[in-house]
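**Student:** Residue numbers (this note's numbering): -18 to 156. We put the beta carbon where it would ideally sit given N, CA and C, even for glycine.
1. Mark residue 52 as exposed unless 16 or more other C-beta atoms lie within 10 angstroms of its C-beta, in which case mark it buried.
2. Go to residue 43, then tell me how far its alpha helix (DSSP H) extends in each direction, as first and last residue.
3. Could you check if residue 78 is buried or exposed, using at least 16 other CB atoms within 10 Å of its CB as the buried criterion?
4. Taking 7 Å as the cut-off, is the CB of residue 59 close to at least one heavy atom of the ligand GDP?
5. Given a cut-off of 8 Å, decide if residue 85 and residue 32 are closer than it, judged by their beta-carbon atoms.
6. DSSP three-state label for residue 60, please.
7. What does a CB cutoff of less than 6 Å around residue 20 pick up in its chain, not counting 5 residues either side in sequence?
8. In this structure, how does DSSP classify residue 115 when only helix, strand and coil are distinguished?
9. I'd like to know whether the C-beta atoms of residue 29 and residue 97 end up nearer to each other than 8 Å.
10. Taking 8 Å as the threshold (C-beta atoms), are residue 93 and residue 16 in contact?
11. Going by DSSP, what residue range makes up the alpha helix (DSSP H) through residue 26?
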């Protein structure tokens, strides 16, 4: 289902933009407390901080540009002759280490997803418990409503003959 972009709705999409725009509420979005705690614990370790920085740098365009300059200078200044054995070994070692950092980064992402999933599961469990409590309260209210209705109906039926004939005499035709 497509909505027109001309429609003034923050959630509108069109064929060129499949992503939904975030709804602007004016309130600052608070970070997930479980992720904040996870990040705090992760930052306590020096090796995690180093791995995070290396991964962040290796995943940037500065890293790409640096390698373009490095390879260009290596070949341009003829640091070694073709077939570039030393450069090949250096790049191979770099690839081994970078693949390790990629795996570390994936493990970190998996850990974050697990933290969020665990928190969401606890939230679902709490909501289920609250829903059960609300259903029990609704059943109690329904039973009380039925009892009040039955009592009111019985009182109305008992009061109906006296209300129709206040003197208590049967209605007799006048002779």
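**Tutor:** Inspection of the coordinates gives the following:
1. For the purposes of this step, residue 52 is taken as the residue at position 71 of the chain shown. By the neighbour-count criterion, in which a residue is buried when 16 or more other Cβ atoms sit within 10 angstroms of its Cβ, residue 52 is exposed.
2. Position 62 of the chain shown holds residue 43. Unbroken alpha helix (DSSP H) run through residue 43: 42 to 57.
3. Against the chain shown, residue 78 aligns to sequence position 97. When all chains shown are included, residue 78 counts as exposed.
4. You won't find the ligand GDP in this model; it holds no ligand whatsoever.
5. Taking the first residue of the chain shown as 1, we reach residue 32 at position 51. Taking the first residue of the chain shown as 1, we reach residue 85 at position 104. Annotated as proximal: residue 32 and residue 85, with beta-carbon spacing under 8 Å.
6. Translated into the one-based positions of the chain shown, residue 60 becomes position 79. Here residue 60 sits in coil by DSSP.
7. As a working note, residue 20 is residue 39 in the chain shown. Listed in chain order, the non-local C-beta contacts of residue 20 below 6 Å within the same chain number zero, local neighbours out to five positions each way being set aside.
8. The count along the chain shown starts at 1 and reaches residue 115 at position 134. In the structure shown, residue 115 sits in a helix (DSSP, three-state: H, G or I).
9. Locating residue 29 in the chain shown gives position 48, where the first residue counts as 1. Locating residue 97 in the chain shown gives position 116, where the first residue counts as 1. Remark: C-beta atoms of residue 29 and residue 97 do not approach each other more closely than 8 Å.
10. Residue numbering aside, residue 16 sits at position 35 when the chain shown is read from its first letter. Residue numbering aside, residue 93 sits at position 112 when the chain shown is read from its first letter. In contact: residue 16 and residue 93 (Cβ atoms closer than 8 Å).
11. Along the chain shown, read from residue 1 onward, the residue named residue 26 stands at position 45. If you look at residue 26, you'll find it isn't in any alpha helix (DSSP H); DSSP assigns it neither H nor E.
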